[in-house]
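*Asks:*
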Amino acid sequence: MTTAIDEPLVELSSAATTSAAVRLRGVSKVFGTGDTQVKALDDVSVELPYGEMVLLVGPSGCGKTTLISVVAGLLDPSAGEVEVLGKNLTKMWGGAKVKFRGERIGFVFQQYNLLPALTAAENASVPLLIAGWDRKKAVEKASHILAQVGLGSKLKSYANQLSGGQQQRVAIARALVHDPQLLVCDEPTAALDGTSGRTVMGLIRQVAVQPDRAVVVVTHDSRVYDFGDRIVTMSDGKVEKVESRHGERPA
Amino acid sequence: MFWVALRMLTGDRAKYLGIVFGVSFAALLMGQQMAIFCGLMRNTTSQIRDVEGADVWVMDRSVQFVDDVKPMSDNKLLRVRGVEGVAWAVKLYKGLGKAKLADGNYQQVILLGLDYDNKDGAGRVVGQPREDRIVVGRWEDLDQPDAVFLDEFGWRYMFGQEIPFEPGRSLEINNKRANIVGLVKCNPTFQTFPILYTKFASAIQYAPPEPKTLPFILVKSQDGITPEEVCERIEESTGLRAKTNNQFFWMTIDYYLKRTGIPINFGITVTLGFVVGCAIAGQTFYLFTLENLKQFGSLKAMGVSNLRIVGMVMLQALVVGVIGYGLGIGGAAGFGVVFEKFVKTAPSAFYFGWQIPAITAGAVFLIITVSALMSLKKLLFLEAGVVFR
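Protein chains in written order, with the working numbering: chain Y, -5 to 245; chain R, 1228 to 1616.
#1: If we count the other Cβ atoms within 10 Å of its Cβ and call it buried at 16 or more, is residue 1438(R) buried or exposed?
#2: Helix or strand or just coil, what does DSSP make of residue 10(Y)?
#3: Please state whether the Cβ-Cβ distance between residue 1609(R) and residue 1537(R) is less than 8 Å.
#4: Leaving out the 5 sequence neighbours to the left and right, which residues in its chain are closer than 6 Å to residue 1523(R) when beta-carbon positions are compared?
#5: I'd like the list of long-range same chain contacts for residue 1575(R), defined as Cβ closer than 7 Å, with 5 residues on each side in sequence excluded.
#6: Could you check whether the region 14 to 26 of chain Y touches the region 68 to 77 of chain Y, counting it as contact only if at least three pairs of C-beta atoms, one from each stretch, sit closer than 8 Å?
#7: Would a C-beta distance cut-off of 8 Å place residue 64(Y) and residue 23(Y) closer than the cut-off?
#8: Compute every distance between the C-beta of residue 1241(R) and the non-hydrogen atoms of the ligand SAM, then say whether any falls below 7 Å.
#9: May I have a chain-ordered list of the beta strand (DSSP E) segments no shorter than 3 residues that lie completely inside the region 83 to 127 of chain Y?
#10: Between 27(Y), 58(Y), 37(Y), which has its C-alpha nearest residue 212(Y)'s C-alpha?
#11: For a contact defined as C-beta to C-beta under 8 Å, what are the partners of residue 1234(R) on chain Y?
#12: Which of the three DSSP states, helix, strand or coil, is assigned to residue 1495(R)?
#13: Residue 1282(R): which of 1373(R), 1470(R), 1391(R), 1517(R) sits nearest, CA to CA?
#14: Using the beta-carbon of each residue, which ones in chain R are nearer than 7 Å to residue 103(Y)?
#15: Would you please verify whether the beta carbon of residue 1531(R) is less than 8 Å from any beta carbon of chain Y?
#16: Can you find at least 3 beta carbon pairs, one from the region 178 to 186 of chain Y and one from the region 134 to 142 of chain Y, that sit closer than 8 Å?
#17: Does any residue of chain Y have a CB that is nearer than 8 Å to the CB of residue 1228(R)?
#18: So is residue 1521(R) in contact with chain Y if we call contact Cβ pairs under 8 Å?
#19: Based on the DSSP secondary-structure assignment, which residues constitute the bridge partners of residue 65(Y)?
#20: Under 8 Å between C-beta atoms, does residue 1249(R) make it to chain Y?
#21: By the 8 Å beta-carbon criterion, what residues does the region 57 to 85 of chain Y contribute toward chain R?
#22: Would you kindly check if the distance between the Cβ of residue 1409(R) and the Cβ of residue 1337(R) is under 8 Å?
#23: Are the C-beta atoms of residue 1231(R) and some chain Y residue less than 8 Å apart?
#24: Would you kindly check if the distance between the Cβ of residue 1595(R) and the Cβ of residue 1559(R) is under 8 Å?
#25: Specify, as a first and last residue, the run of the beta strand (DSSP E) that residue 1424(R) falls within.
#26: With 16 as the cutoff for other CB atoms within 10 Å, does residue 1485(R) come out buried or exposed?
#27: DSSP has residue 1449(R) in a bridge; who is on the other side?
#28: By how many angstroms is the C-alpha of residue 1256(R) removed from the C-alpha of residue 1562(R)?
#29: Kindly indicate which residue of 1440(R), 1458(R), 1243(R) has the alpha-carbon position closest to the one of residue 1446(R).
#30: What residue range does the alpha helix (DSSP H) around residue 1568(R) cover?
#31: Taking C-beta to C-beta, are residue 1234(R) and residue 111(Y) nearer than 8 Å?
#32: With distance defined between alpha-carbon atoms, name the residue in 1278(R), 1456(R), 1475(R) nearest to residue 1354(R).
#33: Report the rounded CA-to-CA distance for residue 197(Y) versus residue 62(Y), giving the unit in angstroms.
#34: Quick check: is the beta carbon of residue 1528(R) nearer than 8 Å to any beta carbon in chain Y?
#35: Along the region 119 to 143 of chain Y, where does the CB come closer than 8 Å to a CB of chain R? Name the residues.
#36: Can you tell me which residues form a DSSP beta bridge with residue 1443(R)?
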């Protein structure tokens, strides 16, 4: 099913709540000035609901990364309003935004960005340490999440002792360990082979998609489009189309 | 998160050790060179520090430091004794002599001629080192004809093969016999010549003939009058220069600082140590930060504030600073201990007062602060969004 941009975007799955986790209204982002000025986002308005995995797709340079950065509170928009998990990020000051990110958003990066000096369990516990948890308790909880993503036997392995797929699973555990309400994934399958990529996407679906949580995934990888509940296609800084894929996803 | 910072730091062993090496090398070089410099400067004042009992030195107005010997006429002693506040005043001969050794070789020696303090009737020599520094003999032995005391290092230097000391050994100085009747421990000298203590009358026999033979007058101030006051009175009434021990100590060091290239040369080495330390530690620390930029970016994205990043980096810098400083300053101190323990034929020029570890600590703090600031400049302006690029 395909929806035009100006049609209501929030088509909730049966498990989802009625409110949107992310609301962007007329968001633009301009980099540089004068002749070197680049408009990375151009009047983007979109709503992303709870309980869904939304894939953000499009060619290189279309503004996906900028959009996800704005949604995650890592970039301030040049214009427009950004509301995430009921908070208006455009009105939030730096320190509060950092705290908000730490408490309510989980991140999965393309290159995993694990700390090489830490074990898998220690890496997965980092968001809890940031939140001020006791180290022992944080590692305990992280170990539990790692077991959920199938790495119960690799708790004490360092990043360089893990395969790419395993590292990404540690990154997923790290992103979920503090129970965030928004999970932001940047090309989580880009550094993986096809099989590992599908395994990772399946895992994100399985452990991350919850009725009270939204998942946004930036991806180039058309082989994993079928994992999305909704696909937002971007082009030249604009949202080109939004497809809802309920009923088309593999079970 | 401080725990994470430490794990990040120690996780990359090569870089971690590189930074510690840079800091410890700088601390070692700075500490060791400053200790040698201070030791050398201190050695210039050894004869001032060896003199026991007197608290004021009187000398010709043009004297600039302790080895700048400008003899005065003998009547100056009487004029000094006449100054109010002077308890006693005695002559001190200081000069250089040439000793002929048994093998026919010559060795330059420092001659110190001690006078008697007869004012209280005790008739004891004045100006020699403390009793407890005598290794062999008694100061009273100087009453024997042609008797001299030799410093322990001088004995080892001239008769190294014949240790332990045996009384009866003699030298020939200015065609006159000098019988060594005792050994005394003296502070190491700048010139490294052996030191001979003898009576004033003998000393002027050993020295080349000169029209004036009174280089210094040692003065004890009366009870209730400070040495500084006595100095002022002596200078006013005699026109001579009078300095307390401490004043003469610093006057001598000041001369060497201003009139020789020693401070500049050591200063260059210490500065090089600082610069090299800054370069190695700063560069390695910066590279360490650059290599972990994505990780730091991730931490920022995940909610680590800039303030916390500053804390993490400063902690890393502090840890390498403390370890590097400990190793470096420990190595510098160890150098001094080893030198004193194993090198017996050269006087030690190594002074490791509290000021040296303190100054080195300050320099190391500066090195790690500069290193940390270079890294922080990169990290604080790092957009968390870099993790998505």
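All residues carry an ideal CB built from backbone N, CA and C; glycine is no exception.
Computed from a predicted structure; not experimentally measured.
*Replies:* In short:
#1: exposed
#2: Caution applies to residue 10(Y), whose pLDDT of 41 falls short of 50 and renders its modelled position unreliable; the model cannot decide the point.
#3: no
#4: 1606
#5: 1266, 1415, 1566, 1567
#6: yes
#7: yes
#8: This structure lacks the ligand SAM, and indeed carries no ligand of any kind.
#9: 99 to 102
#10: 58(Y)
#11: 109, 111, 112, 116
#12: helix
#13: 1470(R)
#14: 1525, 1614
#15: yes
#16: no
#17: yes
#18: yes
#19: None, per the DSSP bridge assignment.
#20: no
#21: 59, 62, 63, 66, 68, 69
#22: no
#23: yes
#24: no
#25: 1422 to 1426
#26: exposed
#27: Paired residues: none, contrary to the question.
#28: 11 Å
#29: 1458(R)
#30: 1533 to 1569
#31: yes
#32: 1278(R)
#33: 21 Å
#34: yes
#35: 120, 121, 123, 124, 125, 129
#36: 1319(R)
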